[in-house]
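First the structure, in the form of structure tokens, and then the observations on it.
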Amino acid sequence: MSSSHPFDAPLILQPLTLDWLQRSGVEVAVLRLDLVDAELSGNKWFKLIKHLDAARRAGAEGLISLGGAHSNHLHAVAAAGRRFGLATVGLMRGHEQQTPTVADLRAWGMELHWLGYGGYRERNLPTFWEPWQAHYPGFYPIPEGGGGLLGALGCAALVPAMEAVLGSVGWADYDAIWLAAGTGTTLAGLVIGEGGRHRVYGALAGPPSHSVSVGVAELLEQAGVADGGYELLDASRGGFGRFDRELARFILATECDGGVPLDPIYTAKTMMALRLYVERGYVSAGTRLIFVHTGGLQGRRAAESQLHKLIDG
Ligand SMILES: Cc1ncc(COP(=O)(O)O)c(C=O)c1O
């Protein structure tokens, strides 16, 4: 296992040309993390890299983690395990169900345990891991979503990586970064990597909750970085995972007119929040923004027919 990128593809910064951006004179370049790897795509490699290093240092024979039946995180853990020769175990939220994500997890050899909803809610109890560690000794536990300080520190590496490709869009600098926030781990990593140079805007995929800002503040404290330099915005449109006709149409238009595929849970809601910000005049003309495409397109497969029904309906 190596801590260098598992992919050969260079990071791509893609200028985004959309009518609402052109009208406002705001420039956006999309950091296409969704393209870095067919399986370990989006923010996932960066969130996992230091956890994988820790597993290697511990001589772990496997990885064990948690998530739902559409989890981008478990998808990446299963892919990483297969790639690096580690067994993988997924502790699943809810009751057994078939999704394209679950089919991949199984095909890649991940052993699944369905915990129900009540069982899954116990994941934050101090005793939660004990039976699993007894059952799978030598397996390295990765926190839900690849979070924690190691997850954030892995994402800090995104800042020099994006700086290295700025020239490809003819920019010497940028004004701020936008990205989707779930736990806020990726955002915390970017704030750490930025060291206060550029503001980071995190568009919350779930309803605004105190726990995300507390979690980000804790990560920054653990990293020895001042709490600040970022903003969390509500992008949830009525709830995590909910989507509506306007979102479906926006996804289609952004893909057709801007050449960027978005997922309905994270990246599309973030881009819609950015459009609202721009249209309300909160972003001045000439501003240069980096939009981090955090991936999630594998999770879009299960939503595809619903999206099309919404568009056609
Ligand atoms: C596609 C995608 N974007 C954004 C996020 C949010 O990342 P974080 O939990 O680090 O805020 C996730 C969740 O991991 C995700 O799967």
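Using my numbering, the first residue of the sequence shown is number 861, and each one after it goes up by one.
Ideal Cβ placement from N, Cα and C applies to all residues, glycine included.
With three or more C-beta pairs closer than 8 Å as the rule, is the stretch 876-889 touching the stretch 905-918? no
Does the distance from the C-beta atom of Gly-1099 to that of Pro-1124 stay below 9 Å? No.
Residue of Leu-1093, Gly-1044, Val-1025 minimising C-alpha distance to Ala-1063: Leu-1093
Please name the residue in Phe-1151, Gly-1118, Gly-1173 whose C-alpha comes closest to that of Leu-1134. Comparing Cα-Cα distances from Leu-1134 to each of Phe-1151, Gly-1118, Gly-1173, the minimum goes to Phe-1151.
Taking Gly-1194 as the reference, which of Leu-1079, Thr-948, Leu-1026 has the closest Cα? Look at the range of the chain in this structure, 861 to 1173, and you will see that residue 1194 is not part of it.
Just checking, does the stretch 1036-1049 make contact with the stretch 1160-1169 on the three C-beta pairs under 8 Å criterion? Output reads no: the stretch 1160-1169 does not touch the stretch 1036-1049.
Sequence-distant residues of its chain with Cβ nearer than 8 Å to Ala-1021 (five each side left out): Leu-871
With distances taken from CA atoms, which of Phe-906, Gly-1146, Gln-993 is nearest Asp-1033? Gly-1146
Would you call the stretch 1000-1014 and the stretch 970-980 in contact, with 3 or more CB pairs under 8 Å? no
Three-state secondary structure assigned by DSSP to Arg-942: helix
Is Tyr-1126 close to ligand 1? I mean its beta-carbon at under 8 Å from any heavy atom of the ligand. yes
Mind checking whether the beta-carbon of Cys-1116 lies closer than 8 Å to any heavy atom of ligand 1? No, the Cβ of Cys-1116 stays beyond 8 Å of every heavy atom of ligand 1.
Hey, would you say Leu-1149 sits closer than 9 Å to Ala-1036, going by beta carbons? Yes, the Cβ-Cβ distance between Leu-1149 and Ala-1036 is below 9 Å.
Rounded C-beta distance between Glu-1004 and Leu-926? I'm assuming under 8 Å. 5 Å
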